[in-house]
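Novice:
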């Protein structure tokens, strides 16, 4: 039994090589979806419920809101009559991508009904594509003559990017290449019009860049990667291609709000869509949060691919700015609703936090790319934070209702909706949930990496030897993690197990291990000859902990946040019997962990403190002596689970006594 | 020496008759401007500085922004070329009204330069009036054919109301009736078109109602009062006259945003401009705060005039809602910038507080009317609160810069401006400062009422006997108040001296008083035969006090506010050397009062407590043990005086240990 005391600061500072790879060289990858199946109660429930309930509910919305009808109209050769927002096609593609992961992740056999609906949808999408590969139902129905006329605001490439992601996912998960073929045809269409020596422009909403990189991998076609690189590198250079769009009357008619979004004091700035500076000069996150994430996902992949130090430096700088100065404790990002995005350092208001679900999802993706590139646990720490808190709060436990924005305080008015006019979040969280295994576990040559200790079953090549791996876990409720490693024959290899930044200790129990486990880059490294039937046990100490924010975050001064394992907790009026804003926690009294059957089996945390009485006369102000305080107990629940029992008051950052 | 312990709750609850008058009968009035001169250092400085500096600076702005030019163009028979907002005429009128008070209040002889500018302005205004009495330079220059076409949004009567107030003030203060004649002609024009049997409509921005009541008093013409009453009573009845405007294309062109302001879910509601319900059915303050105040000022005057119980009840209800649930501790009202107005009970955010300067000024006016109607000190308490804090914060100490909105916290970005595109606040605070005596001191038959213990010299009739009164005071820095009462011959009369809601004790020292002073309606009542040369001394105990908010105000939970006398205090970064948000006050350590030469001679308050250190690693979140606290001292200044030494951090509601 070896004890490894992880001290996050020290671990994060070290950048030791991992499996012999230098930072920002591509040195790890994920398991193919069909090779890993999540088995822990937490994620298997989410994935099953999504197949049983969520995906069908979303399909109904696609029908009800005419998102599918738009495709059907185009396929039928109609014109006019587009319904909804100009970017609504993307929701259909993202839903298909979510279905792909759910079909491939082995959680539950999808119903024939769901399969039929997917089949129908792919068919309609394919039929709507133009002979030249173009596909965007808004322009096809409403303004066929104006396609590619306004790239800054009209989302044609954005939608196409999601088509590509959907196509790649469907092919990967099921071998069905119908959607991939549509995607390739669209990508070729874009490639024929944009790029070096062709038209110089890129989409106002980043997305196609990361999608083209996926397509390049799926097809082995380098031209998609080159086009993505060109788009990432052209962005932010001057003159911006959007200047022409801002003086083109037809373009202005498409998006009259363009100037307001892109200019400041009459001058073009482009911060809103990260067109403010070339990527290698970026220092901080600006503008629309989801767009920024999607750009950096592609850029991180390219930095790995090219071993590009300047690009890596820019990404590291910008990452630090985001995670050290502009990220909620939940992994929510983008505090302002005005630009759906970033403001300034330490500006993290709780009640008005925008913290879009999609932005936290984007953060999971970007963190995963940075993790792949460096092997440093700090990226996995943030990935886990955003996954279990900011992103997962975006969806109800029954997978049928959604938050678009995720405030850290509610005064009773915030509640999830079954759908939105701009419905980017529902299919986005669905595709994340379907594909969690991809982010939790990594492989590289002789190395198995446990970024997040989920329970799973997988088959993989470990040092060239086919190996079955089974992980038993009740994470996030328990830190006990047991790996059963079963190579076909003995193999020298290593297991890397992340020491979470929030953990004081991780114990290991690995029979037959000759030397003590080491740690590198924030991971426990177990190097040994693995025999068939081997076991490795890890135990992360889990106990409730009070977290404080940097005092520069003015909204959190005098406040604390309760956390347990990877989960941020919240106090909800429903459990307290009074509004949690009235509560002040006594940090000197131990917090008790209580298993609860409610909310699909959470661990609740019992906190002691005081509450302000409400027996205040019907007046606003009184001398302090008149104020009444009484002892009070409060039960906290995981932040992701709030608002599953009706709209009510909620608070993450609690006053401390 | 008699000691009177005032217990605000009890005092406020009692509604004993005052000078024999019942509530809501007109039973007190103010001294004519030319009969009272303020002499205390505090107000005499404000009034002098306004004459020396502020009024001239505002005139420069009226010229620079073409507000005067608009009148000159009309006077010259030009068309087109109107500059600025459609309601800009009102700023010229309010400036003239402010000049009228400053000319009359005896603080300082105005310069020949200022007098010439006033003369010129009145002349230009008079020349711009049309033969039929109409006057509004926006419509005269831009849309002469569309006058009175859109009353909900276009402010024609609003501007006219300020013309009337200016005309009356000028006549009252100086005997010059040129502007009054213009005002009468305008009022007759309105009266010829609107009213019973004529067109049924009223202005979207209330103002002319209260102005017509002033005009009725000044001229003795009852028709103006009747028109005002009709406008107040028609408002909120159904169908709203604005429904027609919302389907009139020409009207819509004038104000395309009309529907957005007036409707909710496609239905007309009219809350924004208090057209939601007939006045006698009002229960809470809604919509645009300044508009609401101006409506209730007129309504309170009418309730007094008519002894109308239903109207009085509605006003009392609505007043209670405002002051018991929707008012900042500063007397700021209207928390939201979205509607420049009210939201819901206890919604009083500090950082984003709108709390428009004009709204606090309107609150002073309404409170004064309620005080005139009832004699109850609670109205004077609120009047004083709004006057010394929420309103006065709207102007810099040198009277040249202004806040439009008055947050109770600043993170370094809020600073006064010399002027605004919509410049209602600067001349509004100027007219309030010029006329403070009107609000501070009242008379009625045998009774002299000291609502606010300012220093002054006045001549008045007391029980029919000409009496000189001199009050020596250093309020708000001291609670010592000495009255020298000098009737030409002995007279039976009474002095009423308000016991502030914040005062624990008021001592009296009145030589020759045979029986102990009584108290009624929150006032100390001294009844005696006053002889030439009499003296009456009052001493309000003044000490720093910590105030808490009703726990339903979520933004103030765990926080306290420091007050001294009528003043709310604030902690400003400039004095602390660190951002006041970092500070938490130790309420167990006495607050020390320090006379300070800075900021025109304030009393500063020295507070002990702790501050969060900023030696936090470059990370956002850490376990609580890592947080550093250190002892700290903080000097607080009056809220009205903040931001006179540059933009910096400020906070009113301070965390308590």
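Protein chains in written order, with this note's numbering: chain A, 1 to 657; chain B, 658 to 1314.
All C-beta atoms, glycine included, are put in the ideal place defined by N, C-alpha and C.
Any contact between the segment 345 to 360 of chain A and the segment 402 to 410 of chain A? By contact I mean 3 or more CB pairs, one from each, below 8 Å.
Specialist: Output reads yes: the segment 402 to 410 of chain A touches the segment 345 to 360 of chain A.
Novice: Go ahead and pull the three-state DSSP assignment for residue 1139/B.
Specialist: Position 482 of the second chain, counting from 1, holds the residue named residue 1139/B. Residue state, collapsed to three classes: strand.
Novice: Would you say residue 613/A faces chain B, with C-beta separation under 8 Å as the test?
Specialist: Looking up residue 613/A in the first chain gives position 613. Closer than 8 Å: yes.
Novice: From residue 23/A to residue 382/A, what distance separates their C-alpha atoms?
Specialist: Walking along the first chain from the start, residue 23/A turns up at place 23. Walking along the first chain from the start, residue 382/A turns up at place 382. Low confidence applies to residue 23/A: its pLDDT is 36, below 50, so where it sits in the model is not reliable enough to give any reading.
Novice: Taking the alpha carbon of residue 986/B as the point to measure from, which residue in 1147/B, 1266/B and 1217/B has its own alpha carbon closest?
Specialist: On the second chain, position 329 is the one that residue 986/B refers to. That would be 1217/B, whose Cα lies nearest to the Cα of residue 986/B.
Novice: Can you pull out the residues from the segment 573 to 593 of chain A whose beta carbon lies closer than 8 Å to at least one beta carbon of chain B?
Specialist: Flagged, chain order: 579, 581, 582, 584 and 587.
Novice: With a threshold of 8 Å, are at least 3 pairs of Cβ atoms found where one atom belongs to the segment 79 to 99 of chain A and the other to the segment 34 to 46 of chain A?
Specialist: In short, these stretches do not touch, since the Cβ pair count stays below three.
Novice: My assumption, with CB atoms under 8 Å, is that residue 1305/B sits in contact with residue 1073/B. Please give the rounded CB distance.
Specialist: Here residue 1305/B refers to the residue found at position 648 of the second chain. Here residue 1073/B refers to the residue found at position 416 of the second chain. Contact flag wrong, Cβ pair sits at about 13 Å.
Novice: For residue 414/A and chain B, any beta-carbon pair shorter than 8 Å?
Specialist: In the first chain, residue 414/A corresponds to position 414, counting from 1. For residue 414/A, the answer is no, since every Cβ of chain B falls outside 8 Å of its Cβ.
Novice: If the criterion is Cβ atoms closer than 8 Å, does the pair residue 671/A and residue 286/A meet it?
Specialist: Nothing can be reported for residue 671/A: it is not among the residues displayed for chain A, which extend from 1 to 657.
Novice: Under a three-way DSSP split, which group does residue 294/A fall into?
Specialist: Translated into the one-based positions of the first chain, residue 294/A becomes position 294. In this structure, residue 294/A counts as helix in the three-state DSSP scheme.
Novice: In the DSSP assignment, find the alpha helix (DSSP H) that holds residue 824/B and state where it starts and stops.
Specialist: Here residue 824/B refers to the residue found at position 167 of the second chain. Per DSSP, residue 824/B belongs to the alpha helix (DSSP H) from 813 to 831.
Novice: Under 7 Å between beta-carbons, which chain A residues line up against residue 910/B? List them in chain order, please.
Specialist: Taking the second chain and counting its residues from 1, one reaches residue 910/B at position 253. Those do not exist, as residue 910/B stays about 18 Å from chain A at its closest Cβ, beyond 7 Å.
Novice: What is the rounded straight-line gap between the Cα of residue 1167/B and the Cα of residue 1022/B?
Specialist: Locating residue 1167/B in the second chain gives position 510, where the first residue counts as 1. Locating residue 1022/B in the second chain gives position 365, where the first residue counts as 1. Rounded to whole angstroms, residue 1167/B to residue 1022/B spans 32 Å at the Cα level.
Novice: Going along the segment 365 to 391 of chain A in order, which residues come within less than 8 Å of chain B, judged by CB to CB distance?
Specialist: Answer set for the segment 365 to 391 of chain A: empty.
Novice: Can you tell me whether DSSP reads residue 998/B as helix, strand or coil?
Specialist: Numbered from 1 along the second chain, position 341 holds the residue referred to as residue 998/B. DSSP places residue 998/B in strand when its eight states are reduced to three.
Novice: So if I threshold CB-CB distances at 8 Å, which residues from the segment 545 to 558 of chain A count as touching chain B?
Specialist: From the segment 545 to 558 of chain A, only 545, 546, 547, 548, 549, 550, 551, 552, 553, 554, 557 and 558 have a Cβ closer than 8 Å to chain B.
Novice: Within a Cβ cutoff of 6 Å, which residues of the same chain sit near residue 1115/B, ignoring the five residues on either side of it in sequence?
Specialist: The residue labelled residue 1115/B in the question sits at position 458 within the second chain. Taken in chain order, the residues that qualify are 688, 692, 693 and 1126.
Novice: Mapping DSSP to helix, strand and coil, what is residue 1117/B?
Specialist: Your numbering for residue 1117/B matches position 460 in the second chain. Reduced to three states, the DSSP call for residue 1117/B is strand.
Novice: Going along chain A in order, which residues have a C-beta closer than 8 Å to the C-beta of residue 1273/B?
Specialist: In the second chain, counting from the first residue as 1, residue 1273/B sits at position 616. Going along chain A in sequence order, the residues near residue 1273/B (Cβ under 8 Å) are 550, 551 and 552.
Novice: Would you call the segment 1095 to 1112 of chain B and the segment 1028 to 1048 of chain B in contact, with 3 or more CB pairs under 8 Å?
Specialist: Segments in contact, yes.
Novice: With a 10 Å radius around its C-beta and 16 neighbouring C-beta atoms as the bar for buried, classify residue 954/B as buried or exposed.
Specialist: Counting from one through the second chain, the residue named residue 954/B turns up at place 297. That one is buried.
Novice: Would residue 1276/B count as contacting chain A if we go by Cβ distances under 8 Å?
Specialist: Looking up residue 1276/B in the second chain gives position 619. Yes, because at least one Cβ of chain A sits closer than 8 Å to the Cβ of residue 1276/B.
Novice: Less than 7 Å between C-beta atoms, sequence neighbours within five positions excluded: which residues of the same chain meet that for residue 272/A?
Specialist: The count along the first chain starts at 1 and reaches residue 272/A at position 272. So the list reads 261, 262, 287, 288 and 339, once near-sequence residues are dropped.
Novice: Shorter than 8 Å from the beta carbon of residue 623/A to some beta carbon of chain B?
Specialist: As a working note, residue 623/A is residue 623 in the first chain. With 8 Å as the cut-off, residue 623/A counts as an interface residue toward chain B.
Novice: Identify the continuous alpha helix (DSSP H) that holds residue 721/B and give its terminal residues.
Specialist: What you label residue 721/B is simply residue 64 of the second chain in a count that begins at 1. First-last of the alpha helix (DSSP H) with residue 721/B: 712 to 721.
Novice: I'd like to check one pair, residue 566/A with residue 388/A: are the Cβ atoms closer than 8 Å?
Specialist: Residue numbering aside, residue 388/A sits at position 388 when the first chain is read from its first letter. Residue numbering aside, residue 566/A sits at position 566 when the first chain is read from its first letter. Cβ distance < 8 Å, so residue 388/A and residue 566/A count as in contact.
Novice: Within 8 Å, do at least three Cβ pairs link the segment 1140 to 1152 of chain B to the segment 1183 to 1193 of chain B?
Specialist: Short answer: they touch.
Novice: Let's test the definition: count the other Cβ atoms within 10 Å of the Cβ of residue 849/B and tell me whether it reaches 16, buried, or not, exposed.
Specialist: In the second chain, residue 849/B corresponds to position 192, counting from 1. With fewer than 16 Cβ atoms within 10 Å of its Cβ, residue 849/B is classed as exposed.
Novice: Quick one: any contact between the segment 153 to 162 of chain A and the segment 202 to 221 of chain A, if contact means 3 or more CB pairs under 8 Å?
Specialist: Contact between the segment 153 to 162 of chain A and the segment 202 to 221 of chain A is present, because at least three Cβ pairs lie under 8 Å.
Novice: Taking residue 502/A and residue 545/A to be in contact with their CB atoms under 8 Å, please state how far apart those CB atoms are, rounded to whole angstroms.
Specialist: Against the first chain, residue 502/A aligns to sequence position 502. Against the first chain, residue 545/A aligns to sequence position 545. Residue 502/A to residue 545/A, Cβ: 7 Å. Contact.
Novice: Please identify the residue among 1292/B, 1276/B and 1280/B whose C-alpha is closest to the C-alpha of residue 1250/B.
Specialist: To locate residue 1250/B, count along the second chain from 1; it is residue 593. The shortest Cα separation from residue 1250/B among 1292/B, 1276/B and 1280/B belongs to 1292/B.
Novice: Considering only the beta carbon of each residue, do residue 1204/B and residue 1296/B sit closer than 8 Å?
Specialist: Against the second chain, residue 1204/B aligns to sequence position 547. Against the second chain, residue 1296/B aligns to sequence position 639. Not closer than 8 Å, so no.
Novice: Would you say residue 943/B faces chain A, with C-beta separation under 8 Å as the test?
Specialist: The sequence position of residue 943/B within the second chain is 286, counting from 1. Judged by the 8 Å Cβ criterion, residue 943/B is not in contact with chain A.
Novice: Could you pull the DSSP bridge partners for residue 537/A from this structure?
Specialist: Looking up residue 537/A in the first chain gives position 537. Bridge partners of residue 537/A: 482/A and 509/A.
Novice: Sort 480/A, 346/A and 190/A by Cα distance to residue 497/A and report the nearest one.
Specialist: Residue mapping note: residue 497/A aligns to position 497 of the first chain, counting from 1. Among 480/A, 346/A and 190/A, the Cα nearest to that of residue 497/A belongs to 480/A.
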